[in-house]
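Please read the structure below before turning to the comments.
Numbering (our numbering), first residue to last: 804 to 1303.
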């Protein structure tokens, strides 16, 4: 029986190889193992002009230069965001914005600390103007929103920071192309691009940490500050934009984690994807990681996408809490959740198929693969309706490749079942009971606030920069390390699991 199985596999593999040589078929990876991602790109907000000297009272006069430097740093951020708004998508300099925010944050943290220590006073409740790019709007524009308090500016700045990190990661992924499918690429060249892919993973993990910090720390601080100043008595002064909904910001963190996880899976599969391009299958090449591992990693990505979708759908903001999150994000998350689910079922099917000599596994394999194919076909036929013709085309191409891959496996294991095993196909209810828990390949990189550019006189002998310990809070230096390809970046935390 085992010999017959091996003969059938060998004949199928030879047949496919012969068809490629004679028929001149497209040399793609029939395994479809690699996730050729089109990452979500955030619309960055713009902000209104403000002078800190007009809202802060420095009775001692010792903070004059510090306040002026803070105003200059924020003006640079405002100018960079406006410039980015006017620039075409592929030409935007996300790294520049990240570095400018890295420069502004120490000044803002210094002001907050000095106000808290009463070294500086606010002349009135400070009001900052930002465009709300995450809120749903009938005209599909980003309305300008006035928000009150220093923590509101900190929250919007950090949200912009996290979004820019994601956009930089997305830009880096796009620049790599489908390198693992290039027949002429050498192992050394592939490994260099694998490392660049890893840098994008690190950027997503850093963004996830920034978003998590905003949700868990900054927004609660903003809420407490409004309570203490009794600003909430005026509905307009205490207005909460949808960006300040903790559920939405947590959704962005989970979204970033899902993107990082998906890229980590792609990195694990680059070698087998290259081998599959040379000798398309099934069966799987020897270099392919365990299908069970890929299935469990995909299930973890599914958990993060699904959690992000649920949180984003329930988030509300506005005067009466009736402003929803932009459909652009929820539709994208909906499609990614469906795709991650399909890929999880696909790899569970492949894992069962590779064990088809074990009783029950042949039917289980076909059941999972049929389930995955149905999900993919539903997604190809429209999904949740993401906007943008170019994005729709990329999504359709990606889903079509996965349908081809899943169909190839399904046909392969069906033939084996029809000739060797003759097992019934379990219903979906039974298959659901067989799904394992997901496994993370990466972990969130916590955000550490930078050292303030200046401190209250009561805590120091004068204006000084807080000494840093072990690179604490040096975010600009860390981003430089990531971009330049140094995997030993400071403040990196635990970013790799045993699998990545």
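Here a beta-carbon is modelled for each residue, glycine too, at the ideal position from N, C-alpha and C.
Going by alpha carbons, who is nearest to residue 902 out of 1136, 961, 1102 and 1017?
The residue given as residue 902 occupies position 99 in the chain shown. It is 961 whose Cα lies nearest to the Cα of residue 902.
Skipping 5 residues on each side, what residues in its chain have a beta carbon closer than 8 Å to that of residue 825?
The residue you call residue 825 lines up with position 22 of the chain shown. Note that residue 825 scores a pLDDT of 32, beneath 50, so its modelled location is shaky; the value from the coordinates is reported in the next line. Excluding positions up to five away in sequence, the list is empty.
I need the boundaries of the alpha helix (DSSP H) containing residue 950, first residue and last residue.
To locate residue 950, count along the chain shown from 1; it is residue 147. Unbroken run through residue 950 is the beta strand (DSSP E), 947-951; no alpha helix (DSSP H).
Using CA coordinates, which residue listed in 951, 953, 1077 and 1159 is at the minimum distance from residue 1227?
Numbered from its first residue, the chain shown carries residue 1227 at position 424. Cα-wise, what sits closest to residue 1227 is 1159.
Spatial neighbours of residue 956 in its chain, beta-carbon cut-off 7 Å, leaving aside the 5 residues before and after
By one-based count along the chain shown, residue 956 stands at place 153. Cβ within range, chain order: 911 and 931.
Candidates 866, 861, 900 and 862: closest to residue 879 by CA position
By one-based count along the chain shown, residue 879 stands at place 76. Ranking the options by Cα distance to residue 879, first place goes to 900.
Along the chain, where does the beta strand (DSSP E) that runs through residue 932 open and close?
Translated into the one-based positions of the chain shown, residue 932 becomes position 129. That run of the beta strand (DSSP E) goes 930-934.
Pair within 8 Å by beta-carbon distance, residue 966 and residue 1136:
In the chain shown, the residue the question calls residue 966 occupies position 163. In the chain shown, the residue the question calls residue 1136 occupies position 333. Contact: no.
Can you tell me whether residue 987 is buried or exposed, with buried defined as 16 or more other CB within 10 angstroms of its CB?
As a first step, residue 987 must be located in the chain shown, where it is residue number 184. Answer is exposed; the Cβ neighbour count stays below 16.
Using the beta-carbon count (16 or more within 10 Å), is residue 1176 buried or exposed?
As a first step, residue 1176 is located in the chain shown; it is residue number 373 there, counting from the start. Residue 1176 comes out buried.
Go to residue 1148, then tell me how far its alpha helix (DSSP H) extends in each direction, as first and last residue.
As a working note, residue 1148 is residue 345 in the chain shown. Residues 1130-1157.
If you check the beta carbons only, do residue 1029 and residue 951 fall under 8 Å apart?
Numbered from its first residue, the chain shown carries residue 1029 at position 226. Numbered from its first residue, the chain shown carries residue 951 at position 148. Cβ atoms of residue 1029 and residue 951: closer than 8 Å.
Using 8 Å as the threshold, is the C-beta distance between residue 984 and residue 849 below it?
Working through the chain shown from its first residue, we reach residue 984 at position 181. Working through the chain shown from its first residue, we reach residue 849 at position 46. No, they are not a contact pair.
Name the two residues that bound the continuous alpha helix (DSSP H) containing residue 1170.
Numbered from its first residue, the chain shown carries residue 1170 at position 367. Note, residue 1170: alpha helix (DSSP H), 1164-1183.
With a 10 Å radius around its C-beta and 16 neighbouring C-beta atoms as the bar for buried, classify residue 893 as buried or exposed.
Position 90 of the chain shown, counted from the first residue, corresponds to residue 893. Label assigned to residue 893: exposed.
Taking the C-alpha atoms as reference points, what is the distance between residue 1117 and residue 1050?
Sequence index remark: in the chain shown, residue 1117 carries index 314 (1-based). Sequence index remark: in the chain shown, residue 1050 carries index 247 (1-based). Roughly 8 Å between the two C-alpha positions.
Considering only the alpha carbon of each residue, which of 859, 1234 and 884 lies closest to residue 914?
The residue given as residue 914 occupies position 111 in the chain shown. That would be 859, whose Cα lies nearest to the Cα of residue 914.
Keeping to the same chain, check which residues put their C-beta closer than 6 Å to that of residue 1250; ignore five residues upstream and five downstream.
If you number the chain shown from 1, residue 1250 lands on position 447. Cβ within range, chain order: 1012, 1013 and 1016.
Evaluate residue 1048 with the Cβ neighbour count: other Cβ atoms within 10 Å of its Cβ, from every protein chain shown; 16 or more gives buried, anything less gives exposed.
Translated into positions along the chain shown, residue 1048 becomes position 245. By the 10 Å Cβ count, residue 1048 comes out buried.
Exposed or buried, what is residue 1005 when buried is set at 16 or more other beta-carbons lying within 10 Å of its beta-carbon?
By one-based count along the chain shown, residue 1005 stands at place 202. Residue 1005 comes out buried.
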